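In the numbering used here, the protein residues as written are 498 to 560.
Just so it is clear, CB atoms sit at the ideal spot from N, CA and C, and this is done for glycine as well.
The structure presented is a predicted model; accordingly, all values stated were derived computationally and were not measured.
The structure appears below as structure tokens.
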């Protein structure tokens with residue numbers, strides 16, 4: 498539930514966790530905004546560290 502335009506709204510939502518590089522953050526944010534049906538989508542950036550093998554795998558998947 499959340500408030501929108503002074504009304505309580507109840508809808509089903511899905512949380513999506515996207516992995517990318519710091520350099521690609523602006524592109525991801527722009528694309529989520531473009532695709533999202535909400536006027537004001539929740540787009541949050543979490544800075545994390547991972548083991549180096551995993552970080553390298555993520556980097557290899559980015560275009």
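DSSP beta-bridge partners for residue i?
i, result
"residue 501", "504"
For the alpha helix (DSSP H) that residue i lies in, which residues bound it at each end?
i, result
"residue 557", "549-558"
"residue 529", "522-532"
Figure out for me which residue from the options has the closest Cα to the Cα of residue i.
i, options, result
"residue 512", "546, 538, 551 and 549", "538"
"residue 524", "540, 535, 509 and 499", "540"
"residue 522", "510, 544 and 506", "544"
"residue 502", "509, 535, 530 and 528", "535"
Check whether the stretch 550-560 and the stretch 515-530 touch, using three or more Cβ-Cβ pairs below 8 Å as the test. yes
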